[in-house]
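Below: the structure, in structure tokens.
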Amino acid sequence: MRESPEEVSGLQALLDASIGRSTQHLRNIITAERQLNAEELVSVLTGMCTLNLATVTQGGEPRISAVDGHFLHARWVFTTAGSAAKARHLKVRPAASISYVDGERIGVFSHGQVEFLTPDHADFEEIEGHLVAHYGSSPSSWADDIVYVRLQPAWMVGYAFDKAALQTK
Numbered sequence: 001m002r003e004s005p006e007e008v009s010g011l012q013a014l015l016d017a018s019i020g021r022s023t024q025h026l027r028n029i030i031t032a033e034r035q036l037n038a039e040e041l042v043s044v045l046t047g048m049c050t051l052n053l054a055t056v057t058q059g060g061e062p063r064i065s066a067v068d069g070h071f072l073h074a075r076w077v078f079t080t081a082g083s084a085a086k087a088r089h090l091k092v093r094p095a096a097s098i099s100y101v102d103g104e105r106i107g108v109f110s111h112g113q114v115e116f117l118t119p120d121h122a123d124f125e126e127i128e129g130h131l132v133a134h135y136g137s138s139p140s141s142w143a144d145d146i147v148y149v150r151l152q153p154a155w156m157v158g159y160a161f162d163k164a165a166l167q168t169k
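Numbered according to UniProt numbering, the sequence shown spans residues 1 to 169.
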């Protein structure tokens with residue numbers, strides 16, 4: 001867990017506001033007994049999570065792809081080739097949706113705006129260090145045009161079918 005108490009508190013406020021703005025249908029599924037709080041999310045979202053990333057084409061058509069995601073400081077971070085369609089979409093239209101679903105065990109759904117992180121960004125060094133520790137090499141070494149992307153969530157909910165059985169990865 002890399003989140004500060006302030007980040008956990010901010011994540012909890014986001015989770016509370018998000019479920020409060022959700023439809024009745026979603027609240028019927030993500031009941032209080034199944035809703036994950038911020039502390040539960042940061043304890044279970046460790047290591048790499050395969051994310052479903054939704055972007056939008058210039059013509060307004062949705063596109064979905066998978067990325068290696070890391071939940072760091074209460075936000076999703078991922079890398080991809082700058083030439084990838086998803087990167088091109090996000091550079092022009094930074095709105096994105098991300099989901100992480102592990103069967104019935106857990107589901108985390110997020111919507112927001114992405115930011116591209118360059119080596120001069122204040123958080124880049126820590127993120128790079130985390131990724132190198134996980135993969136054994138820098139994503140920047142995998143291709144000439146790797147981009148680092150972080151979702152700034154405006155809406156997020158977390159779900160576990162059976163919270164009592166939930167274990168950290």
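Even for Gly, the Cβ is constructed at its ideal location relative to N, Cα and C.
Inset, instruction - Please confirm if the stretch 76–93 is in contact with the stretch 4–13, defined as three or more CB-CB distances below 8 Å between the two stretches. - result: no
Inset, instruction - Would you mind giving the Cβ-Cβ distance between M156 and V101, rounded to the nearest angstrom? I have them listed as a contact below 8 Å. - result: Here residue 156 is taken as the residue at index 156 of the sequence shown, counted from 1. Here residue 101 is taken as the residue at index 101 of the sequence shown, counted from 1. In fact, because the Cβ distance is near 14 Å, the residues do not count as touching under 8 Å.
Inset, instruction - Check whether the Cβ atoms of R150 and V92 sit closer than 8 Å, and answer yes or no. - result: Taking the first residue of the sequence shown as position 1, residue 150 is located at position 150. Taking the first residue of the sequence shown as position 1, residue 92 is located at position 92. Their beta carbons are not under 8 Å apart, which means R150 does not touch V92 by this criterion.
Legend entry - Pair within 8 Å by beta-carbon distance, R63 and P153: Within the sequence shown, numbered from 1, the residue matching residue 63 stands at position 63. Within the sequence shown, numbered from 1, the residue matching residue 153 stands at position 153. Taking 8 Å as the Cβ cut-off, R63 and P153 do not qualify as a contacting pair.
Inset, instruction - Identify whether F161 lies in helix, strand or coil by the three-state DSSP scheme. - result: By 1-based counting over the sequence shown, the position of residue 161 is 161. Of the three classes helix, strand and coil, the one that applies to F161 here is coil, per DSSP.
Inset, instruction - Could you tell me if H70 is buried or exposed, where buried requires 16 or more neighbouring beta carbons within 10 angstroms of its beta carbon? - result: Indexing the sequence shown from 1 puts residue 70 at position 70. Classification for H70: buried.
Inset, instruction - Could you name the residues of the same chain whose beta carbon sits closer than 6 Å to that of residue 249, not counting the 5 residues immediately before and after it, in chain order? - result: Residue coverage of the chain in this structure runs from 1 to 169, which leaves residue 249 outside it and unanswerable.
Inset, instruction - Drop a sphere of 10 angstroms on the beta-carbon of P139, count the other beta-carbons inside from all chains shown, and report buried for 16 or more, exposed for fewer. - result: Residue mapping note: residue 139 aligns to position 139 of the sequence shown, counting from 1. That one is buried.
Inset, instruction - Assign K169 to one of two classes, buried (16 or more other C-beta atoms within 10 Å of its C-beta) or exposed (fewer than that). - result: Along the sequence shown, read from residue 1 onward, the residue named residue 169 stands at position 169. Because K169 carries a pLDDT of 49, less than 50, the predicted location of this residue cannot be relied on, and the following value inherits that uncertainty. K169 is exposed by the Cβ-count criterion.
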